[in-house]
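J.: Here you go, one structure.
Protein chains: 2
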Amino acid sequence: MSNQSLETIELELAILIRRLTTATADNRNLDRASYLLLRQLSDSGQVGVKTLARELQLDVSTVSRQAAALDQKKLVEKIKDPTDGRAFFYNITDYGQQELEIYRTARLTSIERLLHDWPDEDAESFGRLLKQFNQALRER
Amino acid sequence: MSNQSLETIELELAILIRRLTTATADNRNLDRASYLLLRQLSDSGQVGVKTLARELQLDVSTVSRQAAALDQKKLVEKIKDPTDGRAFFYNITDYGQQELEIYRTARLTSIERLLHDWPDEDAESFGRLLKQFNQALRER
DNA sequence: ATTTATGATTGTATAATACAACTATAACCC
DNA sequence: GGGTTATAGTTGTATTATACAATCATAAAT
């Protein structure tokens with residue numbers, strides 16, 4: 110790999126992270142953390158914080174708080190596991206599903222606006238490479 | 110642009126941000142914020158917080174605190190502007206320059222490790238697209 | 001010379017996270 | 001079946017990065 114490519118990736122990643130971390134402050138609806146958690150629940154539903162934490166690669170305490178916040182807002186419901194007195198399931202509610210869609214659509218739109226003049230090929234590559242990079246991070 | 114690409118970018122960006130935001134906790138030397146500030150100073154040296162804030166697209170108060178932290182650690186020095194009693198210049202110190210290099214090299218190495226099995230072509234594209242994306246964000 | 005603008009700092013708030021301590025329940029084991 | 005250990009989850013505390021608002025000191029403008 111060329112050193113130039115490496116240096117570009119290094120710098121641009123640092124910039125990207127800061128830029129997008131900051132941008133979160135805008136959102137009045139769902140923050141990034143809740144969004145990913147809700148998404149995960151929408152996909153793998155009926156799981157507890159431990160499983161969620163593993164799937165999201167977060168500390169259990171973090172997920173516990175985030176899930177409690179979602180529960181508070183009625184976006185998910187917390188159900189006692191009938192077979193294990195310590196455990197709970199979280200389930201996305203219909204309202205949560207709706208909110209998730211709304212938020213996701215808004216995100217898609219805003220990204221589309223950013224990329225409106227990109228060649229299809231670039232958008233395709235960018236998606237593929239981001240995914241590949243995340244995979245590398247996950248396996249680290 | 111295909112909807113599929115858009116959806117991939119949307120999701121993978123959200124994941125990436127979280128993954129890399131978290132990873133910061135590891136670093137015992139320079140955190141990401143200081144790093145970018147120090148880098149900027151290394152490049153555009155002899156500027157005050159206002160200019161830095163504009164260049165980095167951050168709030169002045171944020172930069173003020175970060176710069177004070179760097180000053181505290183002797184990575185930069187704060188010099189009174191002789192022509193304007195309100196203003197200051199920041200200057201990276203030799204020590205700061207050294208630390209910057211050390212940190213940057215460490216970052217490069219760790220990214221290189223992540224990408225060791227990527228085709229050169231992918232690394233090149235990834236860098237280019239990240240840069241392009243940051244540019245789009247900047248112009249937003 | 002008074003008012004207004006500007007560079008910088010400080011107070012306060014928020015979001016996202018981790019680690020450590022704790023609680024309650026289950027599982028294990030002899 | 002009672003004591004020990006493991007596990008699911010929550011809560012306390014700390015840290016990092018950020019923004020906005022208030023403030024201070026000095027400069028610029030009228």
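Residue numbers (our numbering), protein chains in the order written: chain A, 110 to 249; chain B, 110 to 249. Note that the Cβ used here is the ideal one computed from N, Cα and C, for glycine as well.
1) Less than 7 Å between the C-beta atoms of residue 187 of chain A and residue 204 of chain A, yes or no?
2) Counting C-beta neighbours from all protein chains within 10 Å, is the total for residue 175 of chain B 16 or more, i.e. buried, or is it exposed?
3) Interface residues of chain A around residue 123 of chain B at Cβ under 7 Å?
4) Look up residue 135 of chain B in the DSSP assignment and say whether it is helix, strand or coil.
5) Should residue 230 of chain B be flagged as near chain A, meaning a C-beta pair shorter than 7 Å?
6) Please check the pair residue 122 of chain A and residue 239 of chain B, which I expect to be a contact at CB under 8 Å, by giving their CB distance rounded to whole angstroms.
7) Measure the CB-CB distance between residue 158 of chain B and residue 173 of chain B and report whether it falls below 7 Å.
8) Could you please give me the residues that DSSP links to residue 159 of chain A through a beta bridge?
9) Report buried or exposed for residue 201 of chain A, applying the criterion of at least 16 other Cβ atoms within 10 angstroms of its Cβ.
10) I'd like the span of the beta strand (DSSP E) that includes residue 187 of chain B, first residue to last.
11) Could you give the C-beta distance for residue 130 of chain B and residue 160 of chain A, rounded to a whole number, given that I count them as a contact under 8 Å?
12) Excluding the five sequence neighbours on either side, which residues of its own chain have a C-beta within less than 8 Å of the C-beta of residue 185 of chain B, listed in chain order?
13) Kindly say whether residue 235 of chain A, judged by its beta-carbon, lies nearer than 7 Å to any beta-carbon of chain B.
14) Nearest CA to the CA of residue 226 of chain B: which residue from A:169, A:207, A:249 and A:120?
15) Is residue 243 of chain B close to chain A, meaning its C-beta is less than 7 Å from at least one C-beta of that chain?
T.: According to the structure shown:
1) no
2) buried
3) 141, 144 and 145
4) Note that residue 135 of chain B scores 49 on pLDDT, short of 50, meaning its location in the model is unreliable; the coordinates nonetheless yield the value given after this. The answer is helix: DSSP assigns residue 135 of chain B an H, G or I state.
5) no
6) 6 Å
7) yes
8) Answer is none; residue 159 of chain A lacks a bridge partner.
9) buried
10) 185-189
11) About 22 Å; that fails the 8 Å criterion.
12) 147, 150, 176, 179, 199, 200, 201, 202 and 205
13) yes
14) A:249
15) yes
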